[in-house]
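Below is one structure, written out as structure tokens; comments come after it.
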């Protein structure tokens, strides 16, 4: 039923505004798949007698190596993302647009007033808003934390040649609670913005074909829409690629 809704909405949607490039969508898919595999295999390892552990089978080696392979994929994707940010023009523009600016503080205040009924207008958001910026940098920080602690746990025999045993125990604890925090952030926060929000339900299709509707962009990222319109109106200016300006779910 959900699949039918997605297909019906996709066919009916007027997806004309570029939001994510092919490279960004590919990186997003790799991140999403590796994250889901890490979550499933990680909790199966932590709770082998749970239903999720039983679904993964009785082989601890299979669960362990599935988790490690997914972790390696995530780390490789992270390294590629850094290279992409440093070497590609759209990558450099992406990280620039994700950097916090003073206007974000005003947007937080304006959004609070709008959501509490104290103001009739939404905050005027560019390519990425404060919520998306927080989510992006949380993913960066979480990937670093999970990567470092995961490698310590994986190579604990080598690590304990240089560090005390309690360092591995601390990393294990951090790894576990960071995993819970990451899963909650994805399910409660990200899924709402890209799936359950009535404005995009049943899915923000930017993650699939890289485009959103003009109405959605005008509602959620009016400053980006205005900047793109200004570029299009100027014959001496080349219109920006998916997002060369500063926005609710990238997709």
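In the numbering used here, the protein residues as written are 11 to 261. Glycine included, C-beta positions come from ideal geometry on N, C-alpha and C. Keep in mind that this is a model prediction, so the values were computed, not measured.
- Taking the Cβ atoms as the reference, residue 181 lies roughly 4 Å from residue 162, within the contact range of under 8 Å.
- Residue 183: member of the alpha helix (DSSP H) spanning 175-194, first to last residue.
- 93 is the residue among 112, 113, 93 whose C-alpha sits nearest the C-alpha of residue 105.
- Within the DSSP secondary-structure output, residue 221 pairs in a beta bridge with 28.
- Judged by DSSP secondary structure, residue 102 falls within the alpha helix (DSSP H) whose first and last residues are 99-108.
- For residue 61, the enclosing alpha helix (DSSP H) covers residues 61-65.
- Leaving aside the five residues that flank residue 90 on each side, the residues in its chain whose CB is nearer than 8 Å to its CB run, in chain order, 37.
- Only residues of its own chain outside the window of five on either side were considered, and among them 102 have a CB closer than 8 Å to the CB of residue 96, listed in chain order.
- Nearest in C-alpha terms to residue 116, of all of 124, 200, 85, 133, is 133.
- Going by DSSP, residue 157 is part of the alpha helix (DSSP H) stretching over 140-164.
- For residue 114, the uninterrupted alpha helix (DSSP H) run begins and ends at 112-125, by DSSP.
- In the structure shown, the three-state DSSP call for residue 172 is coil.
- Three or more beta-carbon pairs drawn from the stretch 203-223 and the stretch 17-27 are found closer than 8 Å, and the two stretches are therefore classed as touching.
- Residues 66 of the same chain have their beta carbon placed closer than 8 Å to that of residue 72, with the five preceding and five following residues left out of the count.
- The Cβ atoms of residue 64 and residue 110 lie no closer than 7 Å to each other.
- The alpha carbon of residue 30 has as its nearest neighbour, out of 16, 130, 137, the alpha carbon of 137.
- Per the Cβ contact rule, the stretch 49-58 is not in contact with the stretch 11-21 (fewer than 3 Cβ pairs under 8 Å).
- The stretch 228-235 makes no contact with the stretch 178-194: fewer than 3 CB pairs, one atom from each, lie closer than 8 Å.
- Residue 62 places its beta carbon 7 Å or farther from that of residue 49.
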